[in-house]
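**Q** With the first letter of the sequence shown counted as 1, position 151 gets the number 151 in the UniProt record's numbering; the numbers rise by one all the way through.
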Amino acid sequence: MHSRLIHIYVAFYHIKLVVQKNRMSSKFDIGSLSIVMTLLICFLLLSLAPKLEAELATVQHAPNPDGSISFLVIGDWGRHGLYNQSQVALQMGRIGEEMDINFVVSTGDNIYDNGMKSIDDPAFQLSFSNIYTSPSLQKPWYLVLGNHDYRGDVEAQLSPILRSMDSRWICMRSFIVDAEIAELFFVDTTPFVDAYFLSPQDQTYDWSGVSPRKSYLQTILTELEMGLRESSAKWKIVVGHHAIKSASIHGNTKELESLLLPILEANKVDLYMNGHDHCLQHISTSQSPIQFLTSGGGSKAWRGYYNWTTPEDMKFFYDGQGFMSVKITRSELSVVFYDVSGNSLHKWDTSKMLDSDFYFPL
Numbered sequence: 001m002h003s004r005l006i007h008i009y010v011a012f013y014h015i016k017l018v019v020q021k022n023r024m025s026s027k028f029d030i031g032s033l034s035i036v037m038t039l040l041i042c043f044l045l046l047s048l049a050p051k052l053e054a055e056l057a058t059v060q061h062a063p064n065p066d067g068s069i070s071f072l073v074i075g076d077w078g079r080h081g082l083y084n085q086s087q088v089a090l091q092m093g094r095i096g097e098e099m100d101i102n103f104v105v106s107t108g109d110n111i112y113d114n115g116m117k118s119i120d121d122p123a124f125q126l127s128f129s130n131i132y133t134s135p136s137l138q139k140p141w142y143l144v145l146g147n148h149d150y151r152g153d154v155e156a157q158l159s160p161i162l163r164s165m166d167s168r169w170i171c172m173r174s175f176i177v178d179a180e181i182a183e184l185f186f187v188d189t190t191p192f193v194d195a196y197f198l199s200p201q202d203q204t205y206d207w208s209g210v211s212p213r214k215s216y217l218q219t220i221l222t223e224l225e226m227g228l229r230e231s232s233a234k235w236k237i238v239v240g241h242h243a244i245k246s247a248s249i250h251g252n253t254k255e256l257e258s259l260l261l262p263i264l265e266a267n268k269v270d271l272y273m274n275g276h277d278h279c280l281q282h283i284s285t286s287q288s289p290i291q292f293l294t295s296g297g298g299s300k301a302w303r304g305y306y307n308w309t310t311p312e313d314m315k316f317f318y319d320g321q322g323f324m325s326v327k328i329t330r331s332e333l334s335v336v337f338y339d340v341s342g343n344s345l346h347k348w349d350t351s352k353m354l355d356s357d358f359y360f361p362l
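(1) Counting beta carbon pairs with one atom in the region 229 to 242 and one in the region 165 to 173, are three or more of them shorter than 8 angstroms?
(2) Which residue from 189, 222, 220, 268 puts its Cα closest to that of residue 237?
(3) Which of the three DSSP states, helix, strand or coil, is assigned to residue 149?
(4) Express the C-alpha separation of residue 104 and residue 349 in angstroms, rounding to a whole number.
(5) Excluding five sequence neighbours on each side, which residues of the same chain lie with their C-beta closer than 7 angstroms to the C-beta of residue 194?
(6) Tell me whether residue 191 is buried or exposed, calling it buried when 16 or more other Cβ atoms sit within 10 Å of its Cβ.
(7) Tell me the start and end of each unbroken alpha helix (DSSP H) in the region 156 to 193 that is at least 4 residues and wholly inside, in chain order.
(8) Report the start-end ranges of each beta strand (DSSP E) in the region 215 to 300 that is 3 residues or longer and not cut off at the edges.
(9) In whole angstroms, what is the alpha-carbon distance linking residue 83 and residue 298?
(10) I'd like the span of the alpha helix (DSSP H) that includes residue 88, first residue to last.
(11) Residue 335 by DSSP, collapsed to three states: which one?
(12) Ordered along the chain, which non-local residues of its own chain (more than five positions away) have a Cβ less than 7 angstroms from that of residue 188?
(13) Residues in the same chain with beta-carbon distance under 8 angstroms from residue 353, minus the five sequence neighbours each way, listed in chain order, please.
(14) Leaving out the 5 sequence neighbours to the left and right, which residues in its chain are closer than 7 angstroms to residue 249 when beta-carbon positions are compared?
(15) Below 8 angstroms, can you find three or more Cβ-Cβ pairs linking the region 66 to 74 to the region 94 to 113?
(16) Residue 76: buried (16+ other C-beta within 10 angstroms of its C-beta) or exposed?
(17) Relative to the alpha-carbon of residue 151, which residue among 346, 204, 335, 227 has its alpha-carbon at the smallest distance?
(18) Return the chain-ordered list of same chain residues with a C-beta closer than 8 angstroms to the C-beta of residue 262, the five sequence neighbours on each side being excluded.
(19) Based on DSSP bridge pairs, tell me the residues matched to residue 350.
(20) Quick one: grab the DSSP three-state call for residue 342.
(21) Assuming residue 81 and residue 112 are in contact, meaning their beta carbons sit under 8 angstroms apart, how far apart are those beta carbons, in whole angstroms?
(22) Looking only at DSSP bridge pairs, what is residue 72 linked to?
(23) So who's on the other strand from residue 60, going by DSSP bridges?
(24) How big is the Cα-Cα spacing for residue 179 and residue 140?
(25) Could you give the first and the last residue of the continuous alpha helix (DSSP H) run that contains residue 196?
(26) Quick one, are the C-beta atoms of residue 153 and residue 116 less than 7 angstroms apart?
(27) On the CB-based measure, 16 or more other CB atoms within 10 Å of its CB, does residue 245 come out buried or exposed?
(28) For residue 82, which of helix, strand or coil comes out of DSSP?
(29) Let me check understanding here. Comparing Cα to Cα, which of 163, 271, 122, 321 lies closest to residue 328?
(30) Within 10 angstroms of the Cβ of residue 47, are there 16 or more other Cβ atoms? Answer buried if so, exposed if not.
(31) Just to confirm my understanding: we take residue 63, look at its own chain, exclude 5 residues before and 5 after, and list those with CB closer than 6 angstroms. What are they?
(32) Among 94, 95, 166, 161, which residue has its Cα nearest to the Cα of residue 126?
(33) Going by DSSP, what residue range makes up the beta strand (DSSP E) through residue 318?
(34) Please report how far the alpha carbon of residue 200 lies from the alpha carbon of residue 65, in whole angstroms.
(35) Straight-line CA distance for residue 211 to residue 55?
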């Protein structure tokens, strides 16, 4: 935006010079008029041109002294401690202490069943502050909204007043967490889903701040693509509520497959992390380099449903409660899934060559 203003200022400056010069002259020739008109057209084009840099809000999160970061991922959790939410929280605290985590990521559906009624809703304390009390969890929580959050007062969850009540709470629609070694891109996926608009059944959604929907979605996609393209982070992670790939009840989200996935693949995203389906899963397909990770087992789980036709793509599936951890260094990334008792169920590691590995001394 800064460079754009500079160009507009320069255009105005040249117009001023031309006009002043010709005021001092006895005649205003066609050539001078042409120059003025050209500069005016340039100014109009600059003023209408799209912004050239990403506008997603960015939160800076300093890594550890060695450059590494570690965090937990939890989704679909806010049920006043019920459905084993408190037990999952207890194990998150234990693992968080062992790893000395930097922060926690929430993949949405933060407050059930219908979000928050207002900023004074006691559900915030009963489902968040009073549940995640372990010392290791007193770190920033970066949260996206889920479809159940949209059934309440959306602005309440986004309000800075909640952060004044509990400083851990950092919830926005779409934003970036820049941890130097990795950038996490949080995407508001609920407005992408057609069914919530076309057939909401008996549910009421708070679309304030989203309408007009088409423009809202295009802005997200444009700013995400710009942010990913401009990112110099070693690792790129995208977080949303809805799954791009899932074998559970909700399955693949076709709108994200068509609109979001191509952007992620074109910009070499490493992980896509989501909730929505109340399970834990890791999918890796031959068609995409992205690892699809579901962490939606924060409280109520759905048992007994599985629908996936290519077993070689399903690296892990657990239809129960639990959470996930991620540890990142400059050259390595490790993901671990845990159940409600804190048992390690599945681990996946990958590595990248350092830039220095490509240096060959003469």
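The C-beta atom is built at its ideal place from N, Cα and C for all residues, glycine as well.
**A** So, from the data block:
(1) no
(2) Closest option to residue 237, Cα to Cα, is 268.
(3) Residue 149 sits in a helix when the DSSP states are folded into three classes.
(4) 20 angstroms
(5) 255
(6) buried
(7) 160 to 165
(8) You should have 235 to 239, 271 to 274, 280 to 283, 291 to 295.
(9) Annotation: residue 83 to residue 298 spans about 9 angstroms, alpha carbon to alpha carbon.
(10) 85 to 99
(11) strand
(12) 144, 145, 173, 174, 220
(13) 331
(14) 277, 302, 305
(15) yes
(16) buried
(17) Shortest Cα-Cα distance from residue 151 to any of 346, 204, 335, 227 involves 204.
(18) none
(19) 333
(20) coil
(21) Not quite, the Cβ-Cβ distance comes to about 12 angstroms (not below 8 angstroms), so this is no contact.
(22) 104, 325
(23) 178
(24) When the Cα atoms are used, residue 179 and residue 140 turn out to be separated by approximately 13 angstroms.
(25) Unbroken alpha helix (DSSP H) run through residue 196: 195 to 198.
(26) Yes, Cβ-Cβ distance for residue 153 and residue 116 is below 7 angstroms.
(27) buried
(28) Here residue 82 carries a coil assignment [DSSP, helix/strand/coil].
(29) Considering only 163, 271, 122, 321, the residue with the shortest C-alpha distance to residue 328 is 271.
(30) Summary for residue 47: the model assigns pLDDT 44, below 50, so the residue's position carries little reliability; its value from the coordinates is reported in the next sentence. Of the residues assessed, residue 47 falls on the exposed side of the cut-off, its CB having fewer than 16 other CB atoms within 10 angstroms.
(31) 69, 179, 180, 181
(32) 166
(33) 314 to 318
(34) 48 angstroms
(35) 19 angstroms
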